[in-house]
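Peer 1: Sharing a structure here in C-alpha cells format.
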C-alpha cells in the first residue's frame, strides 16, 4: 500500500514540477542510500515531498494541501469522490463514509476516521489520524471538491479539525458529473 | 388483515393511502396496473427509461425468458399470483432487461417493482440517469463507486506489473552479459551451455564445439598503451569474434583477455581448424603498433561434444582450458582440438592449419 502512496506523490511531483526535478530528488535519495542509482521515489515519497517543500520555500502543510487539491483534480479520483454526494454540502456530510468506501477497494489503505459535525453556519470535519499530515491533505482535497461542485466557501484548519463555512452552494457552475463514465468520457450533454 | 400479534380490540390496518406521486418517490421504478392491465401509475425513473409507458404497457414491455412470446399483462398477472421473478425487455432498447416482481393488491390492482440487474450501466448511459433517479436504499452508487475504483486499481496494478517485467528483463540481461564488451559473461555462458546440454529437447542434445581463447601478448598493451587502450582493444576483439562466428553461435568473455565461443552443430575437425585460423587472423589483424616488435595473437583450446556427451558444463570448460594450455605450451598462436566423446588417450589435433 505504501507503494501506491509513494507513486501518487511521485506522480504529483512529476506533473507539478517536471521529470527533471524528480530525477534530482531520486539522485539525492540514491546518494543517501549509498549510491545505487534510482529513477523513482519508491520507498521515500513523503521524504521527497518534504525536500521539495524546503526547495520551493513552502511550508510542509502547504505542500500536503497541494497534493490534496491535485488529487481532487484527477478525473478518476474526482469521479469517485463525486459519488459521495449530489451537492457540496451532501458531499461533506457523506465524507464519514469515505474511509468505508476506500476500504471496500483497498483494505490496507490507512484512511483516517472522519466525523462530521453540523455547527451553526459551518460544518466541522474531525480528523482522527495517527499521521498529522492527513489534515492538510484533506483540506486540499475538500477545497478542490468545493471548486468541482462550484461552491463558494471558506475552508481552514481549526486545531486538528477542519472547518468549512459554505457561503453559496451554487456559486459557480461546477464541473460536469454524469453517473456513466462513458458519457463523462465523451463530455456529452444530453 | 389481523396478525397473530394484534390484540382483539385493535382496528384492522387501513389500506395504505399513497398518492401516485408519493408512490413514485418511494418506488421510482414501480408500475401499478388495474385489473385489466391499464397503467394507474409509473415511477419517475421507469418513465425516463420507457417513455410513453403511462399510455400502456402493450408493445413497450416484452416478456422474456420463460414467458417469451406471451402476452405481457397475462405474464405479469401470473408472476404476481405465483410469486415468481419477472424479466421484461424494452421494445425500443433490446440491450436493457428489467427484472422485478409483482404483487396483487386486495382491490385487484397489481404493483410491480423493477430493477436493472446486469443492465444497470447500460441503462445509466442510455438514459443519462443521475443520483436523484435512484432511491437512497439502492446500492447503485456503491456499485458504481466500486466498479470505477476497481478499474482504477486494476489498471494501476497492470501498469506496475508491466514495469516490474521490464525491470526484470533488464536485470536478467545485465546479469548475464559482460559490461565492457556486451558478450555473455561467465554466468550467461554457464546458463547457455546448460541449456545446450539439457536432455529432453525434441531431437536430444545437439553436437557443438566449445572454443576457449586467450590473447597472447595482451599484457603489454595494458602496460605500454594504458588500460583504456586495452579496454578498447578488448571491445574490438569482441566485435571481431561476433562477426566471425555465425548467428546461432555464442560468444562470451570470462574476464581479462579470456573468451569462449560455442559453435553449434560444428564438430568436424577441418571446419573447426578453418574457424580457428579465421579467429586467430582476426585477432592478429588488430595488433596495435605500439607493442612492436611483439604481436598480438590468440591461443585456442577447442573441445567437441557430440549429442551423447555426458559431461557437465564445468567439466567441458575445464577440458577446453586444458586444451588451451596445450596450445600455450606448444608455443602460442595455435589451436588444439580434442574430441570429448573419443575418451581418454585419444590423439588431440594441434596446430595452425
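Protein chains in written order, with my numbering: chain A, 3 to 192; chain B, 22 to 374. We put the beta carbon where it would ideally sit given N, CA and C, even for glycine.
Whose C-alpha, out of 261(B), 55(B), 207(B), 128(B), is nearest the C-alpha of residue 395(B)?
Peer 2: Since the first and last residues shown for chain B are 22 and 374, residue 395(B) lies out of range.
Peer 1: For residue 109(A), which of 106(B), 164(B), 189(B), 171(B) has the nearest alpha-carbon?
Peer 2: Among 106(B), 164(B), 189(B), 171(B), the Cα nearest to that of residue 109(A) belongs to 171(B).
Peer 1: Do you know offhand how far residue 191(A)'s Cα is from residue 165(B)'s?
Peer 2: Residue confidence is low: residue 191(A) scores 38 on pLDDT, short of 50, so the model does not pin down where it sits. No coordinate-derived value is stated.
Peer 1: Hey, could you find the ends of the alpha helix (DSSP H) residue 146(A) is sitting in?
Peer 2: Its alpha helix (DSSP H) spans residues 136-151.
Peer 1: For the putative contact between residue 278(B) and residue 255(B), defined by C-beta atoms under 8 Å, what is the C-beta separation to the nearest angstrom?
Peer 2: Rounded, the Cβ-Cβ distance is 7 Å, consistent with contact.
Peer 1: Say whether the region 146-163 of chain B touches the region 83-101 of chain B, bearing in mind that this needs 3 or more beta-carbon pairs closer than 8 Å, one atom from each stretch.
Peer 2: No, because fewer than three Cβ pairs between the region 146-163 of chain B and the region 83-101 of chain B fall closer than 8 Å, the two stretches do not touch.
Peer 1: Buried or exposed: where does residue 281(B) fall if 16 or more other Cβ atoms within 10 Å of its Cβ makes it buried?
Peer 2: Buried, because 16 or more other Cβ atoms sit within 10 Å of the Cβ of residue 281(B).
Peer 1: Check residue 317(B) in the structure and name its three-state DSSP category.
Peer 2: Note: residue 317(B) maps to coil in three-state DSSP.
Peer 1: Flag residue 103(A) as yes if its beta-carbon sits less than 8 Å from any beta-carbon of chain B, otherwise no.
Peer 2: Yes, contact with chain B.
Peer 1: Suppose only complete runs of 4+ residues qualify. What are the alpha helix (DSSP H) ranges in the region 111-174 of chain B, listed by chain order?
Peer 2: With a minimum length of 4 residues, the continuous alpha helix (DSSP H) runs that stay inside the region 111-174 of chain B are 141-148.
Peer 1: Residue 22(B) by DSSP, collapsed to three states: which one?
Peer 2: Any reading at residue 22(B) needs caution, since the residue's pLDDT is 47, under 50, leaving its predicted position unreliable; the model's value is listed next. Residue 22(B) falls in the coil class under three-state DSSP.
Peer 1: Are the C-beta atoms of residue 93(A) and some chain B residue less than 8 Å apart?
Peer 2: It does not: the Cβ of residue 93(A) has no partner Cβ on chain B nearer than 8 Å.
Peer 1: For residue 114(B), would you say it is in contact with chain A, using Cβ-to-Cβ distances shorter than 8 Å as the test?
Peer 2: Not one chain A Cβ lies under 8 Å of residue 114(B).
Peer 1: Nearest-angstrom Cα distance between residue 118(A) and residue 162(A)?
Peer 2: Each residue's Cα considered, the two are about 13 Å apart.
Peer 1: In whole angstroms, what is the alpha-carbon distance linking residue 189(A) and residue 52(B)?
Peer 2: Any answer about residue 189(A) is weak, because its pLDDT of 47 lies below 50 and its placement is not dependable; what the coordinates show is given next. Residue 189(A) and residue 52(B): Cα-Cα distance of roughly 33 Å.
Peer 1: From residue 196(B) to residue 131(A), what distance separates their C-alpha atoms?
Peer 2: Straight-line Cα distance between these residues: approximately 44 Å.
Peer 1: Give a yes or no on whether 8 Å exceeds the smallest Cβ distance from residue 80(A) to chain B.
Peer 2: Output row for residue 80(A): interface = no.
Peer 1: In chain order, what residues of the same chain lie with their CB nearer than 6 Å to the CB of residue 100(B), ignoring the 5 residues before and after it?
Peer 2: Contacts found: 107, 123.
Peer 1: Quick one, which residues of the region 180-196 of chain B are near chain A if we go by CB-CB under 7 Å, in chain order?
Peer 2: Listed in sequence order: no entries.
Peer 1: Which runs of the beta strand (DSSP E) fall wholly inside the region 212-257 of chain B and span at least 3 residues, in chain order?
Peer 2: Runs found: 229-237.
Peer 1: Taking residue 110(B) as the reference, which of 253(B), 138(B), 211(B), 131(B) has the closest Cα?
Peer 2: Per the Cα distances, 138(B).
Peer 1: Start and end of the beta strand (DSSP E) containing residue 158(A)?
Peer 2: 154-160 is the span of the beta strand (DSSP E), which, as asked, contains residue 158(A).
Peer 1: Does the contact criterion of 3 or more C-beta pairs under 8 Å hold for the region 344-358 of chain B versus the region 309-329 of chain B?
Peer 2: Verdict: yes, contact present.
Peer 1: When DSSP builds the beta bridges, which residues end up paired with residue 51(B)?
Peer 2: Answer by DSSP bridge pairing, in chain order: 134(B).
Peer 1: Could you tell me the distance, in whole angstroms, from the CA atom of residue 275(B) to the CA atom of residue 12(A)?
Peer 2: C-alpha separation (whole angstroms): 40 Å.
Peer 1: Can you tell which of 192(B), 331(B), 309(B) has the C-alpha that lies nearest to the C-alpha of residue 381(B)?
Peer 2: Given a span of 22 to 374 for chain B in the structure shown, any question on residue 381(B) remains unanswerable.
Peer 1: At a Cβ cut of 8 Å, what residues of the region 131-148 of chain B count as close to chain D, listed as they run along the chain?
Peer 2: No chain D is present in this structure, whose protein chains are A and B.
Peer 1: Here's a check: name, in chain order, each residue in its chain whose Cβ is nearer than 7 Å to the Cβ of residue 28(A), leaving out the five neighbours to either side.
Peer 2: 40, 41, 42, 43.
Peer 1: Can you give me the Cβ contacts of residue 27(B) inside the same chain, cut-off strictly under 6 Å, excluding the 5 residues immediately before and after it?
Peer 2: Its pLDDT being 48, under 50, residue 27(B) is placed unreliably in this model, and the coordinates cannot settle the point.
Peer 1: Three-state secondary structure (DSSP) at residue 6(B)?
Peer 2: Given that chain B is displayed from residue 22 to residue 374, the structure contains no residue 6(B) and the question cannot be resolved.
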